[in-house]
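Participant: First to last, the protein sequences are chains A and B.
Counting in the numbering used here, the first sequence runs from 26 upward without gaps.
Counting in the numbering used here, the second sequence runs from 26 upward without gaps.
What follows is a structure written as structure tokens; I'll ask about it next.
Protein chains: 2
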Amino acid sequence: MGWGDLGAFGEPSKETPNLDQMASEGMLFLDFYTANPLCSPSRAALLTGRLPVRNGFYTTNAHARNAYTPQDIVGGIPDSELLLPELLKKAGYVNKIIGKWHLGHRPQFHPLKHGFDEWFGSPNCHFGPYDNKELPNIPVYRDWEMIGRYYEDFRIDLKTGEANLTQIYLQEALDFISKQQVSQQPFFLYWAIDATHAPVYASKQFLGTSQRGLYGDAVREIDDSVGKILKHLQKLGISENTFVFFTSDNGAALISAPKQGGSNGPFLCGKETTFEGGMREPAIAWWPGHIPAGGVSHQLGNVMDLFTTSLSLAGLQPPSDRQIDGIDLLPAILQGKLIDRPIFYYRGNEMMAVRVGIYKAHYWTWSNSWEEYSKGINFCPGQNVSGVTTHTKEEHTTLPLLFHLGRDPGEKYPLSFASDEYQRALEWISGVVQQHKATMLPGVPQLNVCDKAVMNWSPPGCEKLGKCLKPPKSDPKKCVWPH
Amino acid sequence: MGWGDLGAFGEPSKETPNLDQMASEGMLFLDFYTANPLCSPSRAALLTGRLPVRNGFYTTNAHARNAYTPQDIVGGIPDSELLLPELLKKAGYVNKIIGKWHLGHRPQFHPLKHGFDEWFGSPNCHFGPYDNKELPNIPVYRDWEMIGRYYEDFRIDLKTGEANLTQIYLQEALDFISKQQVSQQPFFLYWAIDATHAPVYASKQFLGTSQRGLYGDAVREIDDSVGKILKHLQKLGISENTFVFFTSDNGAALISAPKQGGSNGPFLCGKETTFEGGMREPAIAWWPGHIPAGGVSHQLGNVMDLFTTSLSLAGLQPPSDRQIDGIDLLPAILQGKLIDRPIFYYRGNEMMAVRVGIYKAHYWTWSNSWEEYSKGINFCPGQNVSGVTTHTKEEHTTLPLLFHLGRDPGEKYPLSFASDEYQRALEWISGVVQQHKATMLPGVPQLNVCDKAVMNWSPPGCEKLGKCLKPPKSDPKKCVWPH
Numbered sequence: 026m027g028w029g030d031l032g033a034f035g036e037p038s039k040e041t042p043n044l045d046q047m048a049s050e051g052m053l054f055l056d057f058y059t060a061n062p063l064c065s066p067s068r069a070a071l072l073t074g075r076l077p078v079r080n081g082f083y084t085t086n087a088h089a090r091n092a093y094t095p096q097d098i099v100g101g102i103p104d105s106e107l108l109l110p111e112l113l114k115k116a117g118y119v120n121k122i123i124g125k126w127h128l129g130h131r132p133q134f135h136p137l138k139h140g141f142d143e144w145f146g147s148p149n150c151h152f153g154p155y156d157n158k159e160l161p162n163i164p165v166y167r168d169w170e171m172i173g174r175y176y177e178d179f180r181i182d183l184k185t186g187e188a189n190l191t192q193i194y195l196q197e198a199l200d201f202i203s204k205q206q207v208s209q210q211p212f213f214l215y216w217a218i219d220a221t222h223a224p225v226y227a228s229k230q231f232l233g234t235s236q237r238g239l240y241g242d243a244v245r246e247i248d249d250s251v252g253k254i255l256k257h258l259q260k261l262g263i264s265e266n267t268f269v270f271f272t273s274d275n276g277a278a279l280i281s282a283p284k285q286g287g288s289n290g291p292f293l294c295g296k297e298t299t300f301e302g303g304m305r306e307p308a309i310a311w312w313p314g315h316i317p318a319g320g321v322s323h324q325l326g327n328v329m330d331l332f333t334t335s336l337s338l339a340g341l342q343p344p345s346d347r348q349i350d351g352i353d354l355l356p357a358i359l360q361g362k363l364i365d366r367p368i369f370y371y372r373g374n375e376m377m378a379v380r381v382g383i384y385k386a387h388y389w390t391w392s393n394s395w396e397e398y399s400k401g402i403n404f405c406p407g408q409n410v411s412g413v414t415t416h417t418k419e420e421h422t423t424l425p426l427l428f429h430l431g432r433d434p435g436e437k438y439p440l441s442f443a444s445d446e447y448q449r450a451l452e453w454i455s456g457v458v459q460q461h462k463a464t465m466l467p468g469v470p471q472l473n474v475c476d477k478a479v480m481n482w483s484p485p486g487c488e489k490l491g492k493c494l495k496p497p498k499s500d501p502k503k504c505v506w507p508h
Numbered sequence: 026m027g028w029g030d031l032g033a034f035g036e037p038s039k040e041t042p043n044l045d046q047m048a049s050e051g052m053l054f055l056d057f058y059t060a061n062p063l064c065s066p067s068r069a070a071l072l073t074g075r076l077p078v079r080n081g082f083y084t085t086n087a088h089a090r091n092a093y094t095p096q097d098i099v100g101g102i103p104d105s106e107l108l109l110p111e112l113l114k115k116a117g118y119v120n121k122i123i124g125k126w127h128l129g130h131r132p133q134f135h136p137l138k139h140g141f142d143e144w145f146g147s148p149n150c151h152f153g154p155y156d157n158k159e160l161p162n163i164p165v166y167r168d169w170e171m172i173g174r175y176y177e178d179f180r181i182d183l184k185t186g187e188a189n190l191t192q193i194y195l196q197e198a199l200d201f202i203s204k205q206q207v208s209q210q211p212f213f214l215y216w217a218i219d220a221t222h223a224p225v226y227a228s229k230q231f232l233g234t235s236q237r238g239l240y241g242d243a244v245r246e247i248d249d250s251v252g253k254i255l256k257h258l259q260k261l262g263i264s265e266n267t268f269v270f271f272t273s274d275n276g277a278a279l280i281s282a283p284k285q286g287g288s289n290g291p292f293l294c295g296k297e298t299t300f301e302g303g304m305r306e307p308a309i310a311w312w313p314g315h316i317p318a319g320g321v322s323h324q325l326g327n328v329m330d331l332f333t334t335s336l337s338l339a340g341l342q343p344p345s346d347r348q349i350d351g352i353d354l355l356p357a358i359l360q361g362k363l364i365d366r367p368i369f370y371y372r373g374n375e376m377m378a379v380r381v382g383i384y385k386a387h388y389w390t391w392s393n394s395w396e397e398y399s400k401g402i403n404f405c406p407g408q409n410v411s412g413v414t415t416h417t418k419e420e421h422t423t424l425p426l427l428f429h430l431g432r433d434p435g436e437k438y439p440l441s442f443a444s445d446e447y448q449r450a451l452e453w454i455s456g457v458v459q460q461h462k463a464t465m466l467p468g469v470p471q472l473n474v475c476d477k478a479v480m481n482w483s484p485p486g487c488e489k490l491g492k493c494l495k496p497p498k499s500d501p502k503k504c505v506w507p508h
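In structure tokens, the structure reads:
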């Protein structure tokens with residue numbers, strides 16, 4: 026989902042009454058970011074509180090390339106990483122993930138081996154192959170075992186976009202919350218829905234209801250579901266004891282627009298890029314009785330902060346034996362404080378850009394290659410900022426491109442190198458970057474090796490369903506990451 | 026001001042708390058338009074309820090060119106046009122204009138000759154010459170006579186952007202409202218401020234207060250002033266008897282960005298163009314006790330509707346002897362009805378585009394000429410949609426470019442000519458356009474002739490101030506309109 030996809034963030038059709046109400050009852054974050062312009066690394070960062078370059082969710086196969094966890098990925102979340110649910114367990118929390126895990130699908134990466142108590146959902150994106158012949162369809166798990174596969178047992182009609190998955194995910198969420206309320210146990214629910222990810226889908230009751238087409242139908246169903254979850258918390262009388270945060274894992278995928286792609290509002294480009302459209306996200310915090318209604322925060326925030334903030338809410342400290350990038354947002358949320366902290370924009374292990382205060386410095390610019398672009402793959406459709414949305418990787422490490430995101434949120438007007446403002450801002454930013462680089466210890470890259478043999482041929486439980494497939498011989502290769 | 030300039034419309038700095046509150050207490054219009062992508066014609070349309078091509082505010086000097094009322098314009102609002110204040114007078118209203126008139130500055134066009142009872146402001150934009158030597162500075166009037174000139178008696182510091190004009194306009198508004206409340210007379214106040222028009226200005230107390238730079242300072246001052254006007258109405262106990270509407274006369278001038286130009290949110294291009302960025306506007310209706318708080322309307326609206334709606338509020342009928350383009354919005358505002366009506370996008374006397382329902386058809390596309398573009402004049406900075414933002418005038422009258430503004434508010438993806446959707450939409454639109462053209466009677470064009478002799482050399486009252494200048498010999502010529 027993109028920054029501009031919600032009514033509260035200026036989507037012109039304004040079709041998200043529940044999320045807009047969530048914002049009016051809670052706090053809107055206008056300067057909130059993902060940890061990466063792509064899904065897997067961003068989700069790994071959310072659950073570890075650490076940049077993908079630290080937790081291993083990156084590639085070194087090529088310079089400054091985006092990578093994720095497709096079916097043939099060999100890597101996944103390392104055992105050495107401490108995930109939010111692992112830590113929350115110590116405070117008696119019951120943890121559930123509903124939806125897309127995306128931190129690796131081989132047995133050692135299973136979410137229940139990393140702190141979650143329950144899981145309903147799938148390890149990968151709901152991509153094809155769609156026929157389960159040459160290649161396996163993605164499995165859907167309940168807890169330890171698969172209970173079916175996409176396109177077979179969990180249908181997504183690629184022609185109409187119909188799928189009732191969000192309804193299933195919603196019911197799972199409501200049931201889990203009810204159960205925890207009965208058992209009086211504190212809980213962490215990671216509701217990781219994926220209806221706005223191509224192939225975009227919506228339930229029959231939402232199909233055709235949006236002015237925005239199928240993508241809008243999916244947004245409306247998510248909006249409706251969030252409304253139902255919040256109402257459920259209120260009905261159970263636990264809303265004042267439950268912290269809820271809504272955000273997304275990367276900017277809207279403009280490559281899929283207009284039918285399957287969303288809106289990044291006034292920002293430049295989208296998913297896969299380190300421009301604002303790729304990483305700035307809608308974000309809403311909700312906690313009636315604690316967060317002042319209708320609040321607005323300009324705190325620079327990041328999905329990694331949800332790790333540290335959640336620990337703080339549970340009365341826990343983040344691990345002290347490693348670098349944690351997420352900060353505790355509670356002072357920003359409860360006392361309106363502004364905490365000084367940078368935002369880093371990475372592709373692979375290359376720091377492409379950094380935001381410090383209102384300034385953003387690009388050390389490298391790249392939208393995508395001419396080769397990909399000439400095939401019609403465009404991360405910045407209709408946008409073209411000379412010297413900024415470059416189709417070759419342009420290095421600016423000695424003289425970074427600087428933008429003032431207040432005057433120029435669309436990253437269209439680099440500051441003049443000769444200006445005093447440039448000099449002052451660069452000095453400030455350079456100090457921050459120097460410190461960041463001096464303490465950077467990259468983790469072992471998890472997204473370098475691909476092997477068809479590791480695909481979801483025979484997930485646990487497949488034998489009960491007669492859904493085991495025979496894997497081919499192992500043939501590990503360097504993954505190809507074109508972007 | 027552009028659609029994206031208010032927090033309620035998704036401006037990322039969200040610095041307009043008063044206008045946002047006005048929206049939350051009133052009704053937000055998301056599909057509201059100006060009558061023209063330029064100021065004078067749009068304002069003439071607002072006050073006459075008629076398209077500029079009918080009321081004469083257009084040029085035929087060149088094809089599809091924007092025109093307005095600079096100092097050397099010979100034309101202005103024809104006597105035959107009936108202006109809103111002329112009509113409201115019949116219902117006992119006292120009418121005041123504060124700020125920029127822009128419907129012609131020669132004596133016969135004076136606002137007090139066209140229905141207004143009071144005026145504080147100027148006839149033209151607050152452009153230079155800035156020195157009052159070769160050419161006269163623009164006069165500022167109180168009612169019939171000038172009381173000074175810009176840059177002499179009413180300072181605008183071009184270096185710092187400091188000017189206290191919005192504060193003067195605010196005080197004028199508050200005083201006028203108080204006076205009418207005492208005399209118990211109904212009133213019409215046209216608060217036509219211009220701080221966001223280049224050269225952009227703000228009072229000292231607002232300078233440097235916005236994250237958005239000088240333009241943002243100007244927006245913040247307008248926002249603050251609107252808040253004060255609304256509070257004044259409430260304090261006087263007349264808010265439930267006063268209808269207030271906030272909107273602008275054209276999209277943000279991206280040519281002046283980033284320092285002096287605003288935001289058109291997710292829309293394409295800006296002022297001077299017939300893309301959404303040129304004509305879609307922020308719009309808020311406020312009338313406590315009548316308009317349901319927090320309402321949102323997708324009614325296609327136009328500044329011309331304020332003419333008809335205001336008459337309706339005053340219990341008057343619009344003139345029946347001429348074509349009126351504005352509709353009565355009260356059913357949309359008070360009963361949430363959606364009235365079927367088209368939006369026409371003109372340049373000069375050429376209908377460039379039309380919106381019918383969610384569809385928009387471009388019959389001509391043009392941003393600006395290569396010649397102007399090569400001089401650095403760019404109405405679509407950072408945007409480039411192949412075949413859409415054309416630098417030559419492209420005719421599409423036989424096969425218009427069609428956009429679905431719900432799925433594609435940014436006008437990036439023309440519908441395929443071969444699709445059923447295109448055929449169905451075109452049939453619908455063609456009927457509307459045919460009917461429009463069949464009944465179109467263009468007025469006498471007012472913006473064709475320019476003459477230095479008609480400039481503000483010796484406005485009424487100049488002799489008392491010793492500020493009369495000697496006009497040159499009359500030398501009428503065709504005005505040059507490059508855009």
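Backbone N, C-alpha and C fix where the C-beta goes; we use that ideal spot for every residue, glycine too.
All values derive from a computational prediction rather than experimental measurement.
1. Hey, alanine 87/A and tryptophan 506/A are a contact pair by Cβ (cut 8 Å); roughly how many whole angstroms apart?
2. Look at the Cβ atom of glutamate 436/A, then the Cβ atom of tryptophan 389/A, and state whether they are nearer than 8 Å.
3. Helix, strand or coil, according to DSSP, for isoleucine 383/B in the structure here?
4. Run the CB neighbour count on alanine 310/A, radius 10 Å, all protein chains shown included, and call it buried at 16 or more, exposed below.
5. Could you tell me which chain A residues have their CB closer than 9 Å to the CB of glycine 290/B, listed as they occur along the chain?
6. Under 6 Å Cβ to Cβ from methionine 465/B, same chain only, skipping five residues before and after it: list those, please.
7. Measuring alpha carbon to alpha carbon, tell me which residue in Pro164/A, Gln360/A, Asn374/A and Val328/A is nearest isoleucine 352/A.
8. Output yes or no for whether 8 Å exceeds the beta carbon distance between methionine 480/A and aspartate 97/A.
9. List the residues of chain A whose Cβ lies closer than 9 Å to the Cβ of isoleucine 368/B, in chain order.
10. If you measure from the beta carbon of glycine 435/B to each beta carbon in chain A, is any gap under 8 Å?
11. Using a beta-carbon distance below 8 Å, is isoleucine 383/A in contact with chain B?
12. 8 Å is my cut-off, CB to CB: does arginine 432/B come that close to chain A?
13. For leucine 440/A and asparagine 189/B, what's the separation of their Cα atoms in angstroms?
14. Name the one or two DSSP bridge partners that lysine 503/A has.
15. Express the C-alpha separation of aspartate 249/A and glycine 319/A in angstroms, rounding to a whole number.
16. Are the region 291 to 310 of chain A and the region 50 to 58 of chain A touching by the rule of at least three beta carbon pairs closer than 8 Å?
17. Strictly below 9 Å CB to CB, what residues from chain B border lysine 260/A?
18. Rounded to whole angstroms, what's the CA-CA distance from valine 410/B to tryptophan 391/B? Just pull it up for me.
19. Is isoleucine 364/B buried or exposed, if buried means 16 or more other CB atoms sit within 10 Å of its CB?
20. Under DSSP, the alpha helix (DSSP H) around isoleucine 193/B begins and ends at which residues?
21. Using a Cβ-Cβ cutoff of less than 7 Å, which residues in the same chain neighbour isoleucine 402/B once the five nearest sequence positions on both sides are dropped?
22. For glutamine 236/A and glutamate 488/A, which I take to be in contact (beta-carbon distance under 8 Å), what is that distance rounded to the nearest angstrom?
23. Rank Gly186/A, Thr333/A, Leu338/A and Met376/A by C-alpha distance to the C-alpha of lysine 284/A and give the top, closest one.
24. Taking the alpha carbon of glycine 361/B as the reference point, which residue from Val381/B, Leu71/B and Ser322/B has its own alpha carbon closest?
25. Hey, how far is the Cα of lysine 204/A from the Cα of glutamate 159/A?
26. Return the residue from the list Ile163/B, Ser147/B, Asp142/B and Cys405/B that minimises the CA-CA distance to leucine 494/B.
27. Quick check for students: name the residue ranges of the beta strand (DSSP E) that lie wholly in the region 416 to 445 of chain B, counting only runs of 3 or more.
28. Quick one: what does DSSP say asparagine 266/B is sitting in, helix, strand or coil?
29. Using the Cα positions of valine 469/A and serine 65/A, report the straight-line distance between them to the nearest angstrom.
30. Candidates Arg131/A, Lys498/A and Gly491/A: which alpha carbon is nearest isoleucine 172/A's?
31. Cα separation between threonine 59/B and phenylalanine 369/B?
32. Would you report the Cα separation of lysine 256/A and phenylalanine 271/A, rounded to the nearest angstrom?
Facilitator: In this structure, then:
1. 6 Å
2. no
3. coil
4. buried
5. Gly29, Gly35, Pro37, Gly290 and Pro291
6. none
7. Val328/A
8. yes
9. Chain A residues near isoleucine 368/B: none, gap ~14 Å exceeds 9 Å.
10. yes
11. yes
12. yes
13. 29 Å
14. Val474/A
15. 20 Å
16. yes
17. The premise fails here: lysine 260/A is roughly 23 Å from chain B at the closest Cβ pair, so nothing lies under 9 Å.
18. 11 Å
19. exposed
20. 190 to 208
21. Ile280 and Asn393
22. Actually they do not touch by this definition, with Cβ atoms about 47 Å apart.
23. Gly186/A
24. Ser322/B
25. 41 Å
26. Ile163/B
27. 426 to 429
28. helix
29. 16 Å
30. Gly491/A
31. 10 Å
32. 15 Å
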